[in-house]
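Student: Residue numbers (my numbering): 201 to 421.
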Ligand code: DX5
Ligand code: ZN
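1) Which residues does DSSP pair with residue 238 in a beta bridge?
2) For the ligand ZN, any of its heavy atoms closer than 7 Å to the Cβ of residue 264?
3) Measure the Cβ-Cβ separation of residue 337 and residue 349 and say whether it is below 8 Å.
4) Which stretch, first to last residue, makes up the alpha helix (DSSP H) that contains residue 205?
5) Measure the Cβ-Cβ separation of residue 228 and residue 210 and say whether it is below 8 Å.
6) Is any heavy atom of the ligand DX5 found at a distance shorter than 7 Å from the C-beta of residue 213?
7) Bridge partners of residue 311, per DSSP?
8) Skipping 5 residues on each side, what residues in its chain have a beta carbon closer than 8 Å to that of residue 230?
9) How many Å lie between residue 410 and residue 333 at the Cα?
10) Within the region 222-286, note down every full beta strand (DSSP E) run reaching 3 residues or more, in order along the chain.
11) Residues in the same chain with beta-carbon distance under 6 Å from residue 399, minus the five sequence neighbours each way, listed in chain order, please.
12) Can you tell me where the alpha helix (DSSP H) holding residue 399 begins and where it ends?
13) Can you list, in chain order, the residues of its chain whose CB lies under 8 Å from that of residue 270, leaving out five sequence neighbours each side?
14) I need the straight-line Cα distance from residue 403 to residue 412, nearest angstrom please.
15) Among the candidates 327, 373, 341, whose CA atom is the shortest distance from the CA of residue 363?
16) Helix, strand or coil: how does DSSP classify residue 370 here?
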């Protein structure tokens with residue numbers, strides 16, 4: 201399926217989202233962090249901004265919903281133009297129903313796990329999903345340090361995906377940089393979200409390419 205680099209717009213200039221998307225035109229996806237000040241202690245943006253950004257860029261939008269009650273709100277992000285929508289399992293009431301609804305609306309369905317949430321209880325749900333997101337920081341803010349304690353979970357998740365013979369993305373998000381991307385790729389991740397690493401670089405597009413090259417070299421896939 202190939203390595204995907206998904207720069208997090210959270211680290212970009214919110215006053216110039218369309219221009220910021222252009223600065224990372226080499227990227228495969230654009231990661232959009234939706235936070236509601238309840239599931240996480242931070243508030244970012246919602247459906248109208250996603251809708252505007254979807255019209256302003258040709259790059260697929262990868263929406264990461266750090267919100268409560270995703271059962272109610274997540275499908276609207278598909279209508280707003282997201283190509284993938286990731287909800288958090290800790291917040292979802294009926295993850296199977298929600299994943300099916302997202303797929304029925306034409307999006308990739310993603311499910312996110314906070315660092316303390318194990319993958320094993322959700323093994324049977326994997327066929328319902330297109331992507332598993334293993335958070336490598338506590339969600340809520342950009343610029344945090346990568347949590348190495350999450351690497352074994354990346355590896356175990358990839359083993360479960362392989363055990364079931366599934367084709368699904370394994371995304372990592374939080375503290376991903378040239379320093380940390382190799383250990384994620386080596387453990388089996390293939391979608392890499394990077395906020396500060398990309399947007400704080402002098403040349404964000406060049407950083408996307410550096411990250412891609414590092415991930416491809418270290419990938420176990
Ligand atoms: C954090 C968000 C991330 C964040 C990553 O809760 O989900 O997507 O933007 O930022 P960096 O790459 O700076 O850790
Ligand atoms: Zn995110």
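Heads up, the beta-carbon is just placed ideally off N, CA and C, and yes, glycines get one too.
Every value quoted in this text rests on a predicted model; they were computed, and no experiment measured them.
Tutor: With the structure as the only source:
1) Note: residue 238 sits in no beta bridge, so no partner.
2) yes
3) no
4) It is not in any alpha helix (DSSP H) - residue 205 instead sits in the beta strand (DSSP E) that spans 204-207.
5) no
6) no
7) 287, 332
8) 206, 207, 209, 221, 224, 253, 257, 259, 260, 261, 262
9) 22 Å
10) 230-235, 261-266
11) 211, 212
12) 396-399
13) 287, 288, 291, 292, 298
14) 14 Å
15) 327
16) strand
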